[in-house]
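Report on the structure given below.
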Amino acid sequence: MTAPDLPRLFATLDATWPAATQVSAGPWCLREGRGGGKRVSATTARGPWRDDDLGAAETAMRLMGQPALFMIRPGDEDLDRALDRAGYDLIDPVNLWLCPIDRLTDRRLPPVTAFTIWEPLAIMRELWEAGGIDAARQNVMERTAPPKTGLFGRVSDKPAGVGFCALHDGIAMVHALEIAPQHRAKGLGAWMMRCAAHWALRKGARWMSVQATEANVAANGLYAALQMEKVGGYHYRILQPAESEDT
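The UniProt record's numbering applies: residue 1 is where the sequence shown begins, and numbers increase by one.
Next comes the structure, spelled out in structure tokens:
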């Protein structure tokens with residue numbers, strides 16, 4: 001079974017965590033995020049571009065009420081260098097993880113440990129909020145096309161974890177996985193990933209994927225321990241607003 005290539009994974013990222021609107025304009029794909037975070041607000045290159053195209057993209061993003069923000073994917077090295085020269089800061093390098101789905105479906109889930117449910121329960125929304133996944137990011141989940149599900153984890157019969165999973169093109173991708181601080185390092189994250197895989201297999205998925213910032217050492221350690229493979233990544237370039245001068 002041939003593993004999905006990076007363009008297919010990025011298409012899955014777009015489909016399972018979608019922008020509010022997505023517009024093709026010249027060499028750019030512009031995204032309106034409506035507060036849903038960088039992934040749904042970043043502009044990406046869709047073809048050859050020239051230096052003066054950068055200014056047009058910046059203007060379009062500001063008209064959307066968003067900062068000038070680009071996602072840099074493999075193959076975007078020239079764009080990365082141009083944005084660096086233009087004063088854009090590099091932020092949030094992200095790892096993409098992937099594995100065949102049967103790698104996570106070889107064990108049965110312990111009773112009352114992890115569940116799939118959609119619509120999310122009120123306690124799930126509270127856990128997301130506590131982890132910084134606010135209403136605008138939860139709205140991203142709402143507008144994702146099915147099949148999709150929420151993930152709900154428990155430890156000692158207490159609410160302890162939450163996540164989101166959706167499918168595209170045979171690939172299941174997990175987002176917004178959050179374990180309450182007092183319940184971390186108890187193995188729940190692994191069981192929730194396995195729960196997502198069991199659900200996704202029933203829906204016809206053949207691959208499991210997830211992404212994590214390089215700075216999230218615990219998450220990357222979890223995915224490595226599950227024998228997922230780091231298959232690529234991306235980062236962002238953002239133009240910070242100029243500091244106003246005192247007059």
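Yeah, the Cβ is synthetic: ideal placement off N, Cα and C, and Gly gets one too.
* Asked: Between the C-alpha atoms of residue 260 and THR21, what's the straight-line distance to the nearest angstrom?
  -> Residue 260 falls outside the range modelled here, since the chain spans only 1 to 247, and no answer is possible.
Practice item. Taking only the alpha-carbon atoms, compute the straight-line gap between CYS99 and GLU229 and give it to the nearest angstrom. Key: Here residue 99 is taken as the residue at index 99 of the sequence shown, counted from 1. Here residue 229 is taken as the residue at index 229 of the sequence shown, counted from 1. Near 6 Å, if we compare the C-alpha coordinates of GLU229 and CYS99.
**Asked** Taking buried to mean at least 16 other C-beta atoms within 10 Å of its own C-beta, is GLU237 buried or exposed?
**Response** Position 237 of the sequence shown, counted from the first residue, corresponds to residue 237. Correcting the residue identity first, residue 237 is Arg in this sequence and not Glu. Counting the other Cβ atoms within 10 Å of the Cβ of ARG237 gives 16 or more, which makes it buried.
**Asked** Mind checking whether ALA172 and TRP128 have CB atoms under 8 Å apart?
**Response** Within the sequence shown, the letter at position 172 stands for residue 172. Within the sequence shown, the letter at position 128 stands for residue 128. ALA172 places its beta carbon 8 Å or farther from that of TRP128.
### Message
Could you give the first and the last residue of the continuous beta strand (DSSP E) run that contains ASN220?
### Response
Sequence index remark: in the sequence shown, residue 220 carries index 220 (1-based). Boundaries for ASN220: no beta strand (DSSP E) harbours it, while the alpha helix (DSSP H) harbouring it runs 217-225, taken from the DSSP string.
Report task. Output yes or no for whether 8 Å exceeds the beta carbon distance between LEU90 and MET193. Result -> Taking the sequence shown and counting its residues from 1, one reaches residue 90 at position 90. Taking the sequence shown and counting its residues from 1, one reaches residue 193 at position 193. Not closer than 8 Å, so no.
| field | Where GLN211 falls: helix, strand or coil (DSSP) | value | If you number the sequence shown from 1, residue 211 lands on position 211. In the structure shown, GLN211 sits in a strand (DSSP, three-state: E or B).
On the three-state DSSP scale, how would you describe MET193?
Within the sequence shown, the letter at position 193 stands for residue 193. Helix.
Note to self: Output needed for MET1: all residues of its chain with C-beta closer than 8 Å, excluding positions within five of it in sequence on either side, in chain order.
What the structure shows: Taking the first residue of the sequence shown as 1, we reach residue 1 at position 1. Excluding residues within five positions, the ones whose Cβ falls inside 8 Å are PRO100 and ARG206.
- Task: Kindly indicate which three-state DSSP category GLY55 falls into: helix, strand or coil?
- Result: Against the sequence shown, residue 55 aligns to sequence position 55. Three-state DSSP puts GLY55 in a helix.
Is the Cβ-Cβ distance between LEU239 and ALA190 less than 8 Å?
Numbered from 1 along the sequence shown, position 239 holds the residue referred to as residue 239. Numbered from 1 along the sequence shown, position 190 holds the residue referred to as residue 190. No, the pair does not count as a contact, with Cβ atoms beyond the cut-off.
Margin query: How far does the beta strand (DSSP E) with MET173 in it extend, from its first residue to its last?
Written below: Here residue 173 is taken as the residue at index 173 of the sequence shown, counted from 1. Per DSSP, MET173 belongs to the beta strand (DSSP E) from 171-179.
query = Residues in its own chain within less than 6 Å of residue 249 by CB, not counting five upstream and five downstream?
reply = In this structure the chain extends from 1 to 247, so residue 249 is not present and cannot be described.
Apart from the five residues just before and just after LEU30, which ones in its own chain have a Cβ nearer than 6 Å to its Cβ?
-> Reading the sequence shown from its first residue, position 30 is the one you call residue 30. Counting only Cβ-Cβ distances below 6 Å, and skipping sequence neighbours, we find VAL23, THR43 and ALA60.
Problem set entry | LEU69 to GLY131 span [Cα, whole Å] | In the sequence shown, the residue the question calls residue 69 occupies position 69. In the sequence shown, the residue the question calls residue 131 occupies position 131. Those two C-alpha atoms are separated by around 24 Å.
Starting from the C-beta of ALA114, find all residues in its chain whose C-beta is less than 6 Å away, skip the five residues before and the five after it, and write them out in chain order. Here the question's residue 114 lines up with position 114 in the sequence shown. Non-local C-beta neighbours of ALA114 in its own chain, meaning closer than 6 Å and more than five positions away in sequence, comprise GLY153, TRP191, MET192 and CYS195, ordered along the chain.
Q | Distance between beta carbons of PHE164 and GLY150, contact taken as under 8 Å | A | Along the sequence shown, read from residue 1 onward, the residue named residue 150 stands at position 150. Along the sequence shown, read from residue 1 onward, the residue named residue 164 stands at position 164. Indeed they touch by this definition, with Cβ atoms about 6 Å apart.
Would you check if the distance between the CB atom of GLN211 and the CB atom of ASN139 is smaller than 8 Å?
To locate residue 211, count along the sequence shown from 1; it is residue 211. To locate residue 139, count along the sequence shown from 1; it is residue 139. Contact annotation: GLN211 and ASN139 have beta-carbon atoms that are not nearer than 8 Å.
With 16 as the cutoff for other CB atoms within 10 Å, does GLY221 come out buried or exposed? Taking the sequence shown and counting its residues from 1, one reaches residue 221 at position 221. That one is exposed.
Residue environment, LYS158, which counts as buried when at least 16 other CB atoms sit within 10 Å: On the sequence shown, residue 158 is found 158 positions in, with the first residue counted as 1. Answer is exposed; the Cβ neighbour count stays below 16.
ask   = To the nearest whole angstrom, what separates the beta carbons of HIS235 and ALA11, a pair I think is in contact under 8 Å?
value = Working through the sequence shown from its first residue, we reach residue 235 at position 235. Working through the sequence shown from its first residue, we reach residue 11 at position 11. Actually they do not touch by this definition, with Cβ atoms about 19 Å apart.
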